[in-house]
Amino acid sequence: MLRTGARHPLVVGDRLDTDIEGAHRVWTDSMLVLTGVTGPAEAVAAPPSQRPTYLAEDLTGLLEPHPEVSAEDGAFGCGAGRPA
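Here is the structure:
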């Protein structure tokens, strides 16, 4: 980030315990792609330090819009998964 002068970098990876947690440690947004080690169940159950900003099936997720996250009474959701 320092070398490129990136203002809004995005860490993209397929592992919660390295890629996504690393992004958290440097206060950077992250996208978990489900093409590798981590599956949907692990992503949902991830501790706060390993929760990605964005989730995508593969790298084509970089080209797609992502719904805003909403919060209501301590529950979080986005898109069709918005809290009731």
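Per this note's numbering, the very first residue in the sequence shown carries number 121; after that it's consecutive.
Cβ coordinates follow ideal geometry from the N, Cα and C atoms, glycine included.
Strand pairing of residue i, partner residues [DSSP]
| i | result |
| --- | --- |
| residue 132 | 151 |
| residue 191 | 196 |
Reduced DSSP category for residue i - H, G, I as helix; E, B as strand; rest coil
| i | result |
| --- | --- |
| residue 175 | strand |
| residue 166 | coil |
| residue 159 | coil |
| residue 203 | Note that residue 203 scores 45 on pLDDT, short of 50, meaning its location in the model is unreliable; the coordinates nonetheless yield the value given after this. Residue 203 falls in the coil class under three-state DSSP. |
| residue 144 | helix |
| residue 181 | helix |
| residue 124 | coil |
Nearest candidate by alpha-carbon position, reference residue i, set the options
| i | options | result |
| --- | --- | --- |
| residue 167 | 124, 198 and 141 | 141 |
| residue 187 | 133, 173, 164 and 153 | 173 |
| residue 122 | 180, 146 and 155 | 146 |
| residue 134 | 125, 124, 162 and 127 | 162 |
C-beta atoms of residue i and residue j nearer than 8 Å
| i | j | result |
| --- | --- | --- |
| residue 177 | residue 152 | no |
| residue 175 | residue 149 | no |
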